[in-house]
């Protein structure tokens with residue numbers, strides 16, 4: 008979808024889609040009635056031919072759009088789940104590290120906070136503009152991993168928690184890759200061409216209906232164009248999960264950053280380090 012779509016409020020985008028498709032429907036209906044009336048009248052079974060032709064186009068196009076909507080929604084849901092999974096693994100790692108002794112605990116928790124700051128201040132704004140943020144927070148990820156590898160457990164309990172932290176870190180990396188993999192994973196341009204050409208063909212089959220009343224013919228065309236406009240609008244709104252008014256927000260990361268602030272959490276509930 009063109010980038011300017013994501014800079015316009017959602018309600019305004021819907022209205023623009025409806026108006027554009029409505030204008031095409033009205034112009035097409037009036038043009039067909041003006042220039043094709045005589046040809047249609049000469050065809051004795053035009054109504055039957057047009058009905059079969061129109062039904063076939065509507066069925067096939069409806070199936071195509073339905074599949075695209077489902078696929079787009081699944082991609083949107085996958086991006087949302089990856090975001091939630093990453094936030095969960097960050098929280099899990101942070102809580103596990105609270106059982107580490109100082110100064111390792113403080114250093115690694117500072118790295119996690121730095122990563123959250125980087126995501127909120129660099130990655131999210133970048134992906135909201137359609138840019139690839141893969142390299143922006145790579146250093147923060149590496150810093151935490153380096154300190155985690157440097158930590159040497161001295162007791163069985165420390166070793167058990169250390170192993171679980173390594174596992175949580177691996178899950179975090181998988182979730183992070185999943186989120187970044189969904190950035191700019193939009194519908195291919197060739198598929199958008201098929202969507203729009205199919206919409207025009209569907210409207211065109213309605214333009215050719217042998218309806219005597221021009222008012223009724225226009226009304227039918229407008230109803231069909233509104234339906235098509237809203238279907239395509241839904242696809243466009245969910246096409247890029249991190250852009251536009253419908254985008255996935257970094258709420259989980261913001262909540263984590265607040266919860267990790269020592270001033271926001273009573274010291275009495277913080278677990279003591281392993282001795």
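Numbering (my numbering), first residue to last: 8 to 282.
Where a beta carbon is used, it is the ideal one built from N, C-alpha and C, also for glycine.
Residue 194 and residue 75 closer than 8 Å at C-beta: Here residue 194 is taken as the residue at index 187 of the chain shown, counted from 1. Here residue 75 is taken as the residue at index 68 of the chain shown, counted from 1. The answer is yes: Cβ separation under 8 Å.
Nearest-angstrom beta carbon gap, residue 211 and residue 35 [assumed within contact, 8 Å]: Against the chain shown, residue 35 aligns to sequence position 28. Against the chain shown, residue 211 aligns to sequence position 204. Right, their Cβ atoms sit about 7 Å apart.
Whole-number beta carbon distance between residue 33 and residue 233, since they are thought to touch under 8 Å: Taking the chain shown and counting its residues from 1, one reaches residue 233 at position 226. Taking the chain shown and counting its residues from 1, one reaches residue 33 at position 26. Not quite, the Cβ-Cβ distance comes to about 12 Å (not below 8 Å), so this is no contact.
Unbroken stretches of the alpha helix (DSSP H), 4 residues or longer, contained in the stretch 63 to 131: Qualifying alpha helix (DSSP H) stretches, in chain order: 111 to 125.
Under the three-state DSSP convention, the category residue 150 falls into: Position 143 of the chain shown, counting from 1, holds the residue named residue 150. When DSSP states are grouped into helix, strand and coil, residue 150 belongs to the helix group.
Where residue 252 sits in the DSSP three-state scheme: Taking the first residue of the chain shown as 1, we reach residue 252 at position 245. Reduced to three states, the DSSP call for residue 252 is coil.
Nearest-angstrom Cα separation, counted from residue 266 out to residue 105: Residue mapping note: residue 105 aligns to position 98 of the chain shown, counting from 1. Residue mapping note: residue 266 aligns to position 259 of the chain shown, counting from 1. Rounded to whole angstroms, residue 105 to residue 266 spans 13 Å at the Cα level.
Segment limits, alpha helix (DSSP H) that includes residue 138: The count along the chain shown starts at 1 and reaches residue 138 at position 131. Counted as a single uninterrupted DSSP element, the stretch harbouring residue 138 is not any alpha helix (DSSP H), since DSSP gives it neither H nor E.
Cut-off 8 Å between Cβ atoms - residues of its own chain near residue 123, not counting five sequence neighbours on either side: Counting from one through the chain shown, the residue named residue 123 turns up at place 116. Setting aside the 5 residues that flank it on each side, residue 123 is surrounded in the same chain by 97, 260, 263, 264 and 267, each with a C-beta closer than 8 Å to its C-beta; the list follows chain order.
Opening and closing residue of the alpha helix (DSSP H) in which residue 41 lies: For the purposes of this step, residue 41 is identified with residue 34 of the chain shown, where counting begins at 1. Its alpha helix (DSSP H) spans residues 17 to 42.
Own chain residues within Cβ distance below 8 Å of residue 71, not counting five before or after: Mapped onto the chain shown, residue 71 falls at position 64. For residue 71, where only same-chain residues beyond five positions count, the Cβ hits under 8 Å are 201, 202 and 205.
Host alpha helix (DSSP H) of residue 193 (start-end): The sequence position of residue 193 within the chain shown is 186, counting from 1. That residue, residue 193, is in no alpha helix (DSSP H); it is neither H nor E in DSSP.
Where residue 233 sits in the DSSP three-state scheme: Along the chain shown, read from residue 1 onward, the residue named residue 233 stands at position 226. Residue 233: helix per DSSP, three-state reduction.
Assigned exposure category for residue 89 - 16 Cβ within 10 Å defines buried: One-based indexing of the chain shown puts residue 89 at position 82. Buried.
Neighbour-count burial assignment, residue 135, 16 or more Cβ in a 10 Å radius: Counted from its first residue, the chain shown places residue 135 at position 128. Result: buried.
Proximal residues to residue 282 (C-beta, below 6 Å), its chain only, five neighbours per side dropped: Residue mapping note: residue 282 aligns to position 275 of the chain shown, counting from 1. Confidence is the limiting factor: at residue 282 the pLDDT is only 38, short of 50, which leaves the residue's position unreliable and the question unanswerable from this model.
Opening and closing residue of the alpha helix (DSSP H) in which residue 258 lies: Mapped onto the chain shown, residue 258 falls at position 251. Where residue 258 is concerned, the enclosing alpha helix (DSSP H) starts and stops at 258 to 266.
Cβ-Cβ separation, residue 28 to residue 236 (assumed contact under 8 Å), whole Å: Taking the first residue of the chain shown as position 1, residue 236 is located at position 229. Taking the first residue of the chain shown as position 1, residue 28 is located at position 21. Confirmed, about 4 Å.
Classification of residue 183 by the beta-carbon crowding that lies within 10 angstroms, buried from 16 upward: Your numbering for residue 183 matches position 176 in the chain shown. Residue 183 should be labelled buried.
Cβ distance (whole Å) where residue 13 is taken to contact residue 250 below 8 Å: As a position in the chain shown, residue 13 is number 6, starting the count at 1. As a position in the chain shown, residue 250 is number 243, starting the count at 1. Yes, they are in contact, since the Cβ atoms of residue 13 and residue 250 sit about 4 Å apart, within 8 Å.
Check whether residue 83 and residue 248 have beta carbons under 8 Å apart: Working through the chain shown from its first residue, we reach residue 83 at position 76. Working through the chain shown from its first residue, we reach residue 248 at position 241. Yes, the pair counts as a contact, with Cβ atoms nearer than the cut-off.
Selected residue, minimal CA-CA separation from residue 155, among 170, 143 and 73: For the purposes of this step, residue 155 is taken as the residue at position 148 of the chain shown. For residue 155, the closest of 170, 143 and 73 by C-alpha to C-alpha distance is 170.
Short Cβ contact (8 Å threshold) for residue 179 with residue 107: Mapped onto the chain shown, residue 179 falls at position 172. Mapped onto the chain shown, residue 107 falls at position 100. Contact annotation: residue 179 and residue 107 have beta-carbon atoms that are not nearer than 8 Å.
Cβ neighbour criterion (16 or more within 10 Å) applied to residue 221: Translated into positions along the chain shown, residue 221 becomes position 214. Label assigned to residue 221: exposed.
Beta-carbon gap between residue 115 and residue 67 smaller than 8 Å: Position 108 of the chain shown, counting from 1, holds the residue named residue 115. Position 60 of the chain shown, counting from 1, holds the residue named residue 67. Going by C-beta atoms, residue 115 is not nearer than 8 Å to residue 67.
Closest residue to residue 218 among 21, 20 and 40 (Cα-Cα distance): Reading the chain shown from its first residue, position 211 is the one you call residue 218. The shortest C-alpha separation from residue 218 is found at 40.
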